[in-house]
Amino acid sequence: MFRVVVHKRAASYIRRLPPEQKERVKKALKELVHDPFRPGVKAMVGEWRGYYRLRVGNLRVIFWVDQEARTIYVDYIGPRGDVYKS
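This note's numbering numbers the first residue of the sequence shown as 214 and each following residue consecutively.
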């Protein structure tokens, strides 16, 4: 099992979400702790090499994984078009 560390900017974004979306994101993060490489998770390329993305509706959760520490670091959460500009 992995633990999840959410960056301050991602946590702030989650707090501002409508309740239904907030619950969907929280549920997705809880599912990641069991397998951060589960179906639906895509490895990113280019300048995002080493990061992974998970779709949660129209939102993207961008994270990287430290397998030795068994930790998932969530760096960005946002709408598809905006999150890749960060």
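Backbone N, C-alpha and C fix where the C-beta goes; we use that ideal spot for every residue, glycine too.
- Under the DSSP assignment, residue 232 falls in the alpha helix (DSSP H) whose first and last residues are 232 to 245.
- Contact check between the segment 216 to 230 and the segment 250 to 269: fewer than three CB pairs, one atom from each, fall below 8 Å, which does not count as touching.
- Within the DSSP bridge table, the entry for residue 292 names 272 as partners.
- Its chain contains 246, 283, 284, 285 as the residues whose beta carbon lies nearer than 8 Å to that of residue 216, once the 5 sequence neighbours on both sides are disregarded; these appear in chain order.
- Between the beta-carbon of residue 223 and that of residue 287 there is about 5 Å, and that keeps the pair under the 8 Å contact cut.
- Of the other Cβ atoms in all chains shown, 16 or more fall within 10 Å of the Cβ of residue 276; this residue is therefore buried.
- Inter-residue distance for residue 271 and residue 258 is about 20 Å (C-alpha atoms, whole angstroms).
- Residue pairing of residue 261 in beta bridges, as defined by DSSP: absent, with no partner found.
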